[in-house]
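Colleague: Take this structure first; my questions come after.
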Amino acid sequence: MIHYKAILKVMGGLMMLLGILMSPSIAFSYYYQSGDQITLIGSSLICLIVGGTFFYSFANQDQNIRKREGYMIVALSWIIMSVFGMMPYVFSGSIVAIPDAIFETVSGFTTTGATILTDIEQLPEGILLWRSMTQWIGGLGIIVLTVAIFPLLGIGGIELFVAESPGPTSDKVHPRIRETAKRLWYVYVGLTVFLVLLYYLEGMSFFDAMNHSLTTMSTGGFSTKNASMAYFDNPLIQYTAILFMFLAGTNFTLLYFAFKGRFRRIWASDEFRAYLISLLILVAGISVAIYYLVPGNVEAIFREAMFQVVSLITTTGYVTADYTAYSNGITIIFFMMLFMGACAGSTSGGIKFIRHLTFVKNSTLEFKRIVHPRAVVPLKINGQRVTGKVITHIMNFLLLYLMIFVLGSIVMSVAGYDLITSFGAVATSLGNVGPAIGRVGPVDNFAFFSPFAKLFLSFLMLLGRLELFTILVLFTPYFWRAN
64 MIHYKAILKV MGGLMMLLGI LMSPSIAFSY YYQSGDQITL IGSSLICLIV
114 GGTFFYSFAN QDQNIRKREG YMIVALSWII MSVFGMMPYV FSGSIVAIPD
164 AIFETVSGFT TTGATILTDI EQLPEGILLW RSMTQWIGGL GIIVLTVAIF
214 PLLGIGGIEL FVAESPGPTS DKVHPRIRET AKRLWYVYVG LTVFLVLLYY
264 LEGMSFFDAM NHSLTTMSTG GFSTKNASMA YFDNPLIQYT AILFMFLAGT
314 NFTLLYFAFK GRFRRIWASD EFRAYLISLL ILVAGISVAI YYLVPGNVEA
364 IFREAMFQVV SLITTTGYVT ADYTAYSNGI TIIFFMMLFM GACAGSTSGG
414 IKFIRHLTFV KNSTLEFKRI VHPRAVVPLK INGQRVTGKV ITHIMNFLLL
464 YLMIFVLGSI VMSVAGYDLI TSFGAVATSL GNVGPAIGRV GPVDNFAFFS
514 PFAKLFLSFL MLLGRLELFT ILVLFTPYFW RAN
């Protein structure tokens, strides 16, 4: 039996937290006198009142959250956060149509970075900061934040963390889940603050530095400028963005070990090595290809190639150039990057390198098993044997991901969009990347889609952000069957 009252209690706490997290936007709105103060205050109060009503109405409920409640809370939290998070857009008139507001908000919380806005720079400062905050909140996962704070309110969080992080690895910084979440958020907040300072010293205004730090560390990609990072034609700013996108795409457990001086643990990670080496190979290859097609300044070409590669693989989605303008071959390579993702345990979306690595290693070992059918050939990651259950889970994930991509592309094609645009829109939504190919390339946006298409792509963003199973399990009869 599912304990719905316990779920409502947690959802109430989440809404209260959302209301509190709107406060920085209110402060910036007053500072810049941008005219959206009342809108933001009203949105915050609604979240606090509605959330407080649910939380305190069920304050005495059973505090043990089992696995089924955990999965329901994770899935519902992203939906409810998106519904309540879109209020500042709608109330301020920045985004009038509800499907548009849902799309923009879901894109923010899932750190996808796709947008329906055609003139970002005309938005008031308070709304712009809230837009960036949605990505920062979603970056490491609103649920990881709550497992760090909710135990103080008497709410357990172990099942929530499991549901939020359904990947194949089980690395933990600390055996106590609350302490684990705290340490990850210390790293996340510390790097964000440090990046604000760097961007500011390198020439951004404090407001731009604040916004871009929030969306860089979350690998979200929202910008305060219509031209995205191309607006800041400053090599130092772009190299800084590249470095911190790379860090944000690294497993945050490894970043914590780095801060503790345990660097051997970083290089011992098979996934991190695959991540780093793949980036270097792609950057080198794309740089050479661009130089061959459009000869020019070597440093500028190298920086342009590196920026686009790191941005897409980490699913950040910043752009400094139109990567679809070089050649069809380069466009195909960048399209394939939409399916990569960075490291598990990072803020990036996508399939993640650990799954690709497991698939490649297992496929390679399969040839050895064919030649030596009686030999026991175990698959090892980080020196540890990977169980058959984990391998099966990864293979199922990859097959399901491919099926959803194909079916999603068919749906978008039937809805009236050309095949290339359909492929691009579905791939970038499911991978939480942002830019893609076709009519949703790096210099385009998603404003032209129909309301149905925007809602459908929003669903795919949620599906990708929660790594498929967390959402899809709710549609199975096994989940609802009584124990």
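The working numbering applies: residue 64 is where the sequence shown begins, and numbers increase by one. Even for Gly, the Cβ is constructed at its ideal location relative to N, Cα and C.
#1: Just the C-alpha distance for Val169 and Ile393, rounded to the nearest angstrom, thanks.
#2: Check for me: the alpha helix (DSSP H) holding Cys110 runs from which residue to which?
#3: Looking at Ile396 and Leu342, is the spacing between their C-beta atoms short of 9 Å?
#4: So, helix, strand or coil for Ile433, using DSSP?
#5: Is there contact here, the stretch 447 to 460 with the stretch 428 to 439, by at least three beta-carbon pairs under 8 Å?
#6: Pick helix, strand or coil for Lys415, following the three-state DSSP scheme.
#7: I think Phe285 touches Ser195, with their Cβ atoms under 8 Å apart; what is that distance to the nearest whole Å?
#8: Report the rounded CA-to-CA distance for Phe511 versus Ile179, giving the unit in angstroms.
#9: Does the stretch 406 to 426 touch the stretch 454 to 466, meaning 3 or more C-beta pairs lie closer than 8 Å?
#10: Shortest alpha-carbon distance to Met466 belongs to which of Cys406, Ile305, Gly359, Gly527?
#11: Going along the chain, which residues of its own chain have a beta-carbon closer than 6 Å to the beta-carbon of Thr255, five neighbours each way excluded?
#12: On the CB-based measure, 16 or more other CB atoms within 10 Å of its CB, does Glu429 come out buried or exposed?
#13: Looking at the structure shown, is Lys323 part of a helix, part of a strand, or coil, going by DSSP?
#14: Would you say Ala311 and Pro505 are within 9 Å of each other, going by their C-beta atoms?
#15: Taking the alpha-carbon positions, what's the Ser120 to Thr303 distance?
#16: Are the CB atoms of Tyr251 and Phe322 within a distance shorter than 9 Å?
#17: Report all residues from its chain with a CB closer than 7 Å to the CB of Ser291; omit the five preceding and five following residues, and keep chain order.
#18: Along the alpha helix (DSSP H) that carries Glu184, what are the first and last residues, could you check?
#19: Could you give the first and the last residue of the continuous alpha helix (DSSP H) run that contains Glu367?
#20: Check each candidate in Gly189, Glu334, Thr278, Trp248 and name the one with the smallest Cα separation from Thr379.
#21: Could you spell out the range, first to last residue, of the alpha helix (DSSP H) harbouring Arg528?
#22: According to DSSP, is Ile444 helix, strand or coil?
#23: Restricting to Cα atoms, I'd like to know which of Ile349, Phe522, Ile161, Leu299 is closest to Val373.
#24: Considering just the uninterrupted stretch of the alpha helix (DSSP H) at Pro358, what are its terminal residues?
Modeller: According to the data block:
#1: 30 Å
#2: 100 to 120
#3: no
#4: helix
#5: no
#6: coil
#7: 6 Å
#8: 8 Å
#9: yes
#10: Gly527
#11: Ser276, Met280
#12: exposed
#13: coil
#14: no
#15: 47 Å
#16: no
#17: Tyr381, Val382
#18: Looking at the DSSP string, Glu184 is not in any alpha helix (DSSP H), and its letter there is neither H nor E.
#19: 361 to 376
#20: Thr278
#21: 514 to 528
#22: strand
#23: Ile349
#24: Pro358 -> no alpha helix (DSSP H), and no H or E assigned at all.
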